[in-house]
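The numbering of the first sequence is the numbering used here, which starts it at 48 and goes up by one. Each remark here refers to the structure printed beneath this line.
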Amino acid sequence: MPPGRSSRPPSEESPTRWVLHVDLDEFIAAVEVRRRPELAGLPVVVGGRGDPTERGVVATASYEARAYGVGSAMPLRTAARRLPPEAVFLPVDKPAYEDASEEVMAVLRSFPVRVEVLGWDEAFLGADLSDEAVPEALARSVQEAVLASTRLHCSVGIGDNKLQAKIATGFGKPRGIGRLTTDRWFEVMGDRPTTALWGIGAKTARRLADLGITTVAGLAAADTAMLAEALGPTMGPWFRRLGRGVDSSPVDPTPWVPRAHGRETTFQTDLTDWDAVASEARRLAGLVAEDLAAEGRPAARVGVKVRYAPFETRQRSLTLPEPSGSAEVIAEAACRLLERLDHDRRVRLLGVRAEMSPPAP
DNA sequence: TCTGGGGTCCTAGGACCC
DNA sequence: TCTGGGGTCCTAGGACCC
């Protein structure tokens, strides 16, 4: 999505005739129902520790739950208020979703395409100009193969590029196939709000509206220099390309190399005791060090995040004198960073993160 | 309706160096 | 004398996505 990954020199790109975007339907909820068939047909909500009286938000709601107006990122307490008593709340079980994701990606890789994994439940499939497959037929084959191997349903979007394919998937959901190509871009997208574009959220939409731009067509017609002036030299022109449905980024099957790892916790009750904050920072630093060790890469920078009640976030970070994977070094750095923050306020959330140096080429 | 946790990338100002 | 210009690193914050 971000422009950084999209702005490769043309010489690195393979000529792509079309792109498929595969997106699993209600993935997390579907994985839970798959192993608990008795939940089928019930409103199922996965989020937090599975206790709707706690602080936490909905990770995924089943379609039955969505019918009650429950969706991702909604506080669990709100979801509980909206849902009938038979609704089921489950805790997030990350390893289970990672395993299920691997099953799905293995199926996708069995097709003669390049596969770029976007997250647990999404991937782009790219084929070259020389390949003969018809995208609709391939899309249907992918859906059938994923269902047969994993008992999970997915939707597929077809586009001339990743941006179009990603948006097209939404037109196919659930269990369908959507199509959005250059020839019909403005017919389909022109009158939609700018938030219909992948990469434009509420904040950017508001800034665009302040410039008199509210629709995709309006964004496409905007002056590039004006957008660059108002929104930045990289982002401004990139937004305009989004408005025109243009995306030259290749489907890149290269395994993802993480830039950073972090752990954070929202406390069920705000912390007032700064000693407790510091010891929690040490615990989180230990978890981060484990993540680094699993990859065999040291931290180059360490950062802390503190969210004060009611909801005000502060971050501090530093570059280590030399890269280190030591839990003790990361913990000490985190504690030093905490010294630079106000100790007299209630703390709602604490996070510790480590940034890695890029691996040697 | 009081707002998770895991990430990515961009921007902008100041420090510092040549 | 009160003023250069470019480049890179560091840091804080913001926006977006799943």
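Using N, Cα and C, we set each Cβ at its ideal position, and we do this for glycine too. None of these values were measured; they are calculated from a predicted model.
Proximity of GLY103 and GLY94 at Cβ, strictly below 8 Å: Counting from one through the first sequence, the residue named residue 103 turns up at place 56. Counting from one through the first sequence, the residue named residue 94 turns up at place 47. Yes, these two residues count as a Cβ contact at 8 Å.
Which value, in whole angstroms, describes the spacing of the CA atoms of PHE171 and ALA401? For the purposes of this step, residue 171 is identified with residue 124 of the first sequence, where counting begins at 1. For the purposes of this step, residue 401 is identified with residue 354 of the first sequence, where counting begins at 1. Rounded to the nearest angstrom, the gap between the Cα atoms of PHE171 and ALA401 is 29 Å.
Should HIS390 go down as buried or exposed, given a rule of 16 or more other Cβ atoms within 10 Å for buried? Here residue 390 corresponds to residue number 343 of the first sequence, with the count starting at 1. Around the C-beta of HIS390, fewer than 16 other C-beta atoms lie within 10 Å, and the residue is accordingly described as exposed.
In this structure, how does DSSP classify SER148 when only helix, strand and coil are distinguished? For the purposes of this step, residue 148 is taken as the residue at position 101 of the first sequence. Helix at SER148.
Proximity winner among MET236, THR100 and ALA332, relative to THR316 (alpha-carbon distances): The residue labelled residue 316 in the question sits at position 269 within the first sequence. Just measuring C-alpha positions, the residue of MET236, THR100 and ALA332 sitting nearest THR316 is THR100.
Less than 8 Å separating the beta-carbons of LEU18 and VAL324? Look at the range of the chain in this structure, 48 to 408, and you will see that residue 18 is not part of it.
Provide the residue span of the alpha helix (DSSP H) that contains LYS213, from first to last. On the first sequence, position 166 is the one that residue 213 refers to. Here the alpha helix (DSSP H) through LYS213 covers 209-219.
Note down, one range per segment and in chain order, each alpha helix (DSSP H) of at least 4 residues found wholly within the stretch 112-138. DSSP assignment within the stretch 112-138 yields the following whole alpha helix (DSSP H) runs of 4 residues or more, N-terminal first: 123-129.
Between ALA340, ALA108, VAL162 and THR251, which has its C-alpha nearest ALA120's C-alpha? Position 73 of the first sequence holds residue 120. Considering only alpha carbons, the answer is ALA108.
Mind checking whether GLU163 and ILE224 have CB atoms under 8 Å apart? Start at 1 with the first residue of the first sequence, and residue 163 comes out as number 116. Start at 1 with the first residue of the first sequence, and residue 224 comes out as number 177. Note that the C-beta distance between GLU163 and ILE224 is not below 8 Å.
Contact set for ARG239: own chain, Cβ-Cβ below 7 Å, skip 5 residues either direction: By one-based count along the first sequence, residue 239 stands at place 192. Only THR262 and VAL263 meet the Cβ criterion.
Since ARG287 is in the alpha helix (DSSP H), which residue starts that stretch and which ends it? For the purposes of this step, residue 287 is taken as residue 240 along the first sequence, with counting starting at 1. Element bounds for ARG287: 282-290.
With SER404 and PRO370 assumed to form a contact (beta carbons below 8 Å), what rounded beta-carbon distance in angstroms separates them? One-based indexing of the first sequence puts residue 404 at position 357. One-based indexing of the first sequence puts residue 370 at position 323. Contact between SER404 and PRO370 holds: CB atoms are separated by about 6 Å, below the 8 Å threshold.
Rounded to whole angstroms, what is the Cα-Cα separation between VAL399 and ILE377? Here the question's residue 399 lines up with position 352 in the first sequence. Here the question's residue 377 lines up with position 330 in the first sequence. Answer to the nearest angstrom: the Cα atoms are 9 Å apart.
Taking the continuous alpha helix (DSSP H) assigned at VAL80, which residues delimit it? Working through the first sequence from its first residue, we reach residue 80 at position 33. Residue range 74-82 is occupied by the alpha helix (DSSP H) that includes VAL80.
Extent of the continuous alpha helix (DSSP H) run through ARG254: Taking the first sequence and counting its residues from 1, one reaches residue 254 at position 207. Element bounds for ARG254: 249-257.
Do LEU289 and ALA277 have their C-beta atoms within less than 8 Å of each other? On the first sequence, residue 289 is found 242 positions in, with the first residue counted as 1. On the first sequence, residue 277 is found 230 positions in, with the first residue counted as 1. For LEU289 and ALA277, no; Cβs fall outside 8 Å.
Determine the direct distance from the alpha carbon of TRP232 to that of VAL66, and round the result to whole angstroms. Position 19 of the first sequence, counted from the first residue, corresponds to residue 66. Position 185 of the first sequence, counted from the first residue, corresponds to residue 232. C-alpha separation (whole angstroms): 15 Å.
State the DSSP-derived secondary structure class of ASP173, mapped to helix, strand or coil. Start at 1 with the first residue of the first sequence, and residue 173 comes out as number 126. It is Gly, not Asp, that sits at residue 173 in the sequence shown. DSSP places GLY173 in strand when its eight states are reduced to three.
Residue ranges of each beta strand (DSSP E) within the stretch 307-347, 3 or longer: Here the runs fully enclosed are 307-318.
I'd like to confirm the pairing. Which residues does DSSP put opposite MET403 in its beta bridges? Indexing the first sequence from 1 puts residue 403 at position 356. Looking at the DSSP output, MET403 bridges to ALA346.
With 16 other CB atoms within 10 Å as the buried threshold, where does ALA249 fall? Residue mapping note: residue 249 aligns to position 202 of the first sequence, counting from 1. The residue in question, ALA249, is exposed, as its Cβ has fewer than 16 Cβ neighbours within 10 Å.
Exposed or buried, what is PRO345 when buried is set at 16 or more other beta-carbons lying within 10 Å of its beta-carbon? Here residue 345 refers to the residue found at position 298 when the first sequence is read from its first residue. It counts as buried.
Alpha carbon of VAL69 to alpha carbon of ILE75, nearest angstrom: Residue 69 sits at position 22 when you count from the first residue of the first sequence. Residue 75 sits at position 28 when you count from the first residue of the first sequence. Straight-line Cα distance between these residues: approximately 15 Å.
Looking at C-alpha atoms only, which residue of THR313, ARG287, SER326 and GLU327 is the closest neighbour of THR360? In the first sequence, residue 360 corresponds to position 313, counting from 1. The shortest C-alpha separation from THR360 is found at THR313.
Could you say if the stretch 330-348 and the stretch 131-138 meet the contact criterion of at least three C-beta pairs nearer than 8 Å? No: fewer than three Cβ pairs fall under 8 Å.
Tell me whether ILE205 counts as near the ligand NAD, meaning its Cβ is closer than 7 Å to at least one heavy atom of that ligand. For the structure depicted, the ligand NAD is absent and the ligand set is empty, with no information on it obtainable.
Environment of MET273 [buried if 16+ CB atoms lie within 10 Å]: As a working note, residue 273 is residue 226 in the first sequence. An exposed status is given to MET273, since fewer than 16 other beta-carbon atoms sit within 10 Å of its beta-carbon.
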